[in-house]
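Sequential numbering of the sequence shown, starting at 1, is according to full-length UniProt numbering.
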Amino acid sequence: MWMEIGKDQVDIEYVDCLLFSMFLNGFDNVLHWILKKRVFSKTYTFLPIVDGGHWNLLILCNFGKPLQKDCGPCMILLDSLHMAEPLSKEPNIRSFVRELYKASGRMETGRAINSIPLLLPKVPQQSGGEECGVFMLYYMFLFAMNAPKSFSQTSYPYFLQKSGQGMDRSELFIITHTRKDGIPVNSECAVAIEKIQALKQSQSSANSSETVASKYDIYSQVHGEDKPGRVHGLGTGPTPATLWGRSTDILKDENKKLGDRVKDLEERIAKLERTDSKFQLTSKRVKLLDMYGSQVAIGIVMSTNPTKIVMGRPIGQDFCEVAVLLVNKPDSPLFIKDHNRKIMKDSIGRHILWFLEYVQLDFKKQVGDQD
């Protein structure tokens, strides 16, 4: 960003985004690191704040000036999500500023330091849940491009229009591609600026967007759609996909993949539930049902171990081993037969294989219950 703005354009310093959080976590040494940035000799100091994953920008203004009403120290807090109550951070900010003054050896009283204004101007607001970092960089850029060399509290925030409406990227293009004498920097920019101004005049203010950039805004109408890798006017971080979503075909493909993953998870959960219910049946008194749901016998589940051999074959995942105690339908056929056991009356007092799906707990009486 400094390469595009030119760091010498305005007297600005930048403090690492981790230092404020480190101060709140008890690392007092960070104050000396911050003082090395000469915050008391700079007109503006950018101090990014990240709290709970949300980014704000705190700007320290005129911290080297005496504590006067208009041209003295001032703080500006820029937040892209006003509904999150950004002024809730004020106690931590003021504690930080008091300790910063104290570490610098300056003589201002705590009461005087607490009187430093903390301004919360109206700025363009994010519409999604993951755009705060982009907006913070956007605020930095606009402020650095438009802030005067001397700061006054009575002037409106420099990245806003006097009407209080946020500046979109087409207006930013006009500002950044126009010389101080009001003439565009080159002929191509002059054509683009003329088109932007014509479109703005043809569109009513009621239809204008309050966002920095949108998919079909005036900027994209003049310069064409944004390429997949970046959104013009918002730096190299955000992309069209992250801000405005993916194409219909891609979304359909992603939804199909998501649906397949959900189906796979449901099958795994069902398998685990079946396994759990199988082990809960062991040693329990059960009713054996036929394919029509009619009770054909009473027995005790002896095993659900899929590798155990019963009736000459492994139990497997779908069967269980049952010791038959009482037969209700003697001529009912067995699910698994051998040369000695073909119908129910052949299995009294013996072990057979029965489908788990047709095994039902006998809640009236269990093994070990007293008569």
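We put the beta carbon where it would ideally sit given N, CA and C, even for glycine.
Once DSSP output is grouped into helix, strand and coil, what is the label at Gly-316?
coil
With three or more beta-carbon pairs closer than 8 Å as the criterion, would you say the segment 173-187 touches the segment 92-101?
With the cut-off at 8 Å, the segment 173-187 and the segment 92-101 do not touch.
Which word fits Val-42, buried or exposed, when buried means at least 16 other C-beta atoms lie within 10 angstroms of its C-beta?
Note that residue 42 corresponds to Lys in the displayed sequence, not to Val. Lys-42 is buried by the Cβ-count criterion.
Given Val-30, which residues of its chain have a CB within under 6 Å of its CB, disregarding the five upstream and five downstream residues?
Leu-19, Met-22 and Phe-23
Distance check for Ser-104 and Lys-200, CA to CA, integer angstroms please.
The alpha-carbon separation between Lys-200 and Ser-104 amounts to approximately 49 Å.
Roughly how many angstroms lie between the CA atoms of Thr-236 and Glu-357, to the nearest whole one?
Because the pLDDT of Thr-236 is 48, which lies under 50, any placement of that residue in the model is unreliable, and the question is left without a value.
When the Cα atoms are used, what is the spatial distance from Leu-334 to Leu-289?
10 Å
Whole runs of the beta strand (DSSP E) within the segment 280-311, excluding any shorter than 3 residues:
Correct list: 285-289 and 295-303.
Hey, would you say Gln-360 sits closer than 7 Å to Lys-284, going by beta carbons?
no
Output the boundary residues of the alpha helix (DSSP H) element that contains Asn-146.
DSSP places Asn-146 inside the alpha helix (DSSP H), whose first and last residues are 132-146.
Within 7 Å, strictly: CB atoms of Trp-55 and Met-140:
no
When you measure from the CB of Phe-27 to every non-hydrogen atom of the ligand COA, does any distance come out below 6 Å?
The ligand content of the structure shown is nil, which means the ligand COA is not present either.
For Gly-299 versus Val-324, is the C-beta distance shorter than 7 Å?
yes
On the premise that Leu-119 lies in contact with Ile-76, defined as a C-beta separation below 8 Å, what is that separation, rounded to the nearest angstrom?
5 Å
If you follow the alpha helix (DSSP H) that His-32 is part of, which residue opens it and which one closes it?
30-35
Could you work out which residue in Val-123, Thr-307, Met-344 and Glu-99 is closest to His-32 when comparing CA atoms only?
Glu-99
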